[in-house]
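Asker: First the structure, then my questions, so here it is.
Protein chains: 2
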Amino acid sequence: MDDSQLQLSNQVCFPIYSVSRLITKAYKPYLDEMGITYPQYLVLMVLWENNSLTVNQIGEQLLLNTNTLSPLLKRMEISGIIARNRSENDERSVIVQLTEKGKQLKVNAKPIPEKLLKILVNENIKLNEVLQLKDMLNQWIEILTENDNKTQ
Amino acid sequence: MDDSQLQLSNQVCFPIYSVSRLITKAYKPYLDEMGITYPQYLVLMVLWENNSLTVNQIGEQLLLNTNTLSPLLKRMEISGIIARNRSENDERSVIVQLTEKGKQLKVNAKPIPEKLLKILVNENIKLNEVLQLKDMLNQWIEILTENDNKTQ
DNA sequence: TACATTTGTATCGCGCACGACATAATTGCG
DNA sequence: CGCAATTATGTCGTGCGCGATACAAATGTA
Chain A
0 MDDSQLQLSN QVCFPIYSVS RLITKAYKPY LDEMGITYPQ YLVLMVLWEN NSLTVNQIGE
60 QLLLNTNTLS PLLKRMEISG IIARNRSEND ERSVIVQLTE KGKQLKVNAK PIPEKLLKIL
120 VNENIKLNEV LQLKDMLNQW IEILTENDNK TQ
Chain B
0 MDDSQLQLSN QVCFPIYSVS RLITKAYKPY LDEMGITYPQ YLVLMVLWEN NSLTVNQIGE
60 QLLLNTNTLS PLLKRMEISG IIARNRSEND ERSVIVQLTE KGKQLKVNAK PIPEKLLKIL
120 VNENIKLNEV LQLKDMLNQW IEILTENDNK TQ
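Same order as they appear, the protein sequences are chains A and B. Here numbering that gives the first Met the number 0 is used: the first residue of the first sequence is 0, the next is one more, and so on. Here numbering that gives the first Met the number 0 is used: the first residue of the second sequence is 0, the next is one more, and so on.
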C-alpha cells in the first residue's frame, strides 16, 4: 500500500465532515422558516412516520444518545412542536408525541427534499451515483456502529 | 419524479450526517492518546504540510470560519502544540506555527490513516469505490460551497 | 422477599459550528 | 491626503454531540 493510499482515509473522512456541515447549512434557510434546526428536522421526520415514540426509540433511529436528545427534545417541547409524557406502563420511559403544530410542520417540510436534491444532483452528479453513495454510506454506518460497540 | 426519489435527499443527507459523527468517534481513541480532537487533527494535518499559515489560510483549507477557528486555535496554543503571533507585515493577520511538540505529533499520527482505512475498506466496500466516493464528495463540496456563497 | 443488575432518562462539562456583531489594520478611491 | 470600504481576527450566544456520571424504575436472581 503506497503513501497516497495511506492518506486516503483522510482524503475521504475530511470531505464527509465538510459535506455534512455544508448540507446542514444548505437546509438552514428552509428550516429557519419553520423555526427548527437540522437535528430537530430529523426528529420530526421520525415522528411524522411514527406518531408516538420513546426517547430511546428516536435515538435508535437517529443514532443519538439521550445526552444529546434530552436537551434537544426539551427545546422542541418549549417551541410547542412536541409533547413529552412519562409512560404509564414503565415510569422510566418518556413518550414523545407530535403536537398539532408539529403535525402541521409536515406540510411546510414537504417541498424541502426536492429542493435539496436539485442542489445535489446536476450534470456532473447523476441520480444513480447518489443511490450508490447512499448504499455505501449505509454500509459504513453498519461497520462503524459495530466498531463503536466493540470499542466501548 | 416519484415520492421515493423526493425522499432521496433525506436518505443521503442523514447517512452523511451519521457517518461523519461515527468517523469522528472512530478517530477518537487514537486522537485521545495524542491529546487532540478531530478538528484539531485537521488543523495539524494542514500545518504539517505548511509550517506557517494565517488563521484565514487554515480556514480556507478546512472550510471553517474564524469564529470556529479562533477559539480552537487558542485551545491548541494552550496545550502547547502551536504558536500564534501577529504578522509584522500586516498587523491584522495572525501567523500560526507548529511548536516542537506539534511537529512531534506527526510521528504519532502516522499510523492513524491506515487504521481508519482498515475499518472502512473490507470485503463489501472496495478501495475503488472509496476513491469514487471521494471524487463525488469533492464535487459536492464545490456545489455546496457555491450554493452557500450565493445564499449569503 | 432482599438485593444486585439492568434499563431509561437526565444533568454536567467541554469542544465544536456558526450567525451576528465588534474592532483594528489596511486598502482603495475621489 | 481624507475617508469610506474591505480585510483579518476575535467575542458572544445558542445549539448540538458526547463522555462521565447520577438516579429512579424495573428486572433478575438467590
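All residues carry an ideal CB built from backbone N, CA and C; glycine is no exception.
Find out if the Cβ-Cβ distance for the pair L136 (chain A), I140 (chain B) is shorter than 8 Å.
Answerer: Contact annotation: L136 (chain A) and I140 (chain B) have beta-carbon atoms that are not nearer than 8 Å.
Asker: How would you label L126 (chain B), buried or exposed, when you count the other beta carbons within 10 angstroms and need 16 or more for buried?
Answerer: Exposed.
Asker: Going by Cα to Cα distance, which pick from A:K133, A:I80, A:V45 and A:N148 is closest to I57 (chain A)?
Answerer: A:V45
Asker: Can you find at least 3 beta carbon pairs, one from the region 8 to 28 of chain A and one from the region 15 to 29 of chain B, that sit closer than 8 Å?
Answerer: yes
Asker: I need the straight-line Cα distance from Q6 (chain A) to Q96 (chain B), nearest angstrom please.
Answerer: 22 Å
Asker: Establish whether the CB of D1 (chain A) and some CB of chain B are separated by less than 8 Å.
Answerer: Residue confidence is low: D1 (chain A) scores 48 on pLDDT, short of 50, so the model does not pin down where it sits. No coordinate-derived value is stated.
Asker: Please name the residue or residues paired with S51 (chain A) in a DSSP beta bridge.
Answerer: S51 (chain A) pairs with A:Q96.
Asker: Taking G34 (chain B) and S78 (chain B) to be in contact with their CB atoms under 8 Å, please state how far apart those CB atoms are, rounded to whole angstroms.
Answerer: 6 Å
Asker: In the DSSP output, which residue or residues are listed as bridge partners for A82 (chain A)?
Answerer: A:Q96
Asker: Is it buried or exposed, S86 (chain A), if we count other Cβ atoms within 10 angstroms and call 16 or more buried?
Answerer: exposed
Asker: So that I know if they touch, is there some Cβ in chain A lying closer than 8 Å to that of N9 (chain B)?
Answerer: yes
Asker: Please classify P70 (chain B) as buried or exposed, where buried requires at least 16 other C-beta atoms within 10 Å of its C-beta.
Answerer: By the neighbour-count rule (16 or more Cβ atoms within 10 Å), P70 (chain B) is not buried but exposed.
Asker: Taking the continuous alpha helix (DSSP H) assigned at D109 (chain A), which residues delimit it?
Answerer: Here residue 109 (chain A) turns out to be Lys, not Asp, going by the sequence shown. Where K109 (chain A) is concerned, there is no enclosing alpha helix (DSSP H), given that its DSSP letter is neither H nor E.
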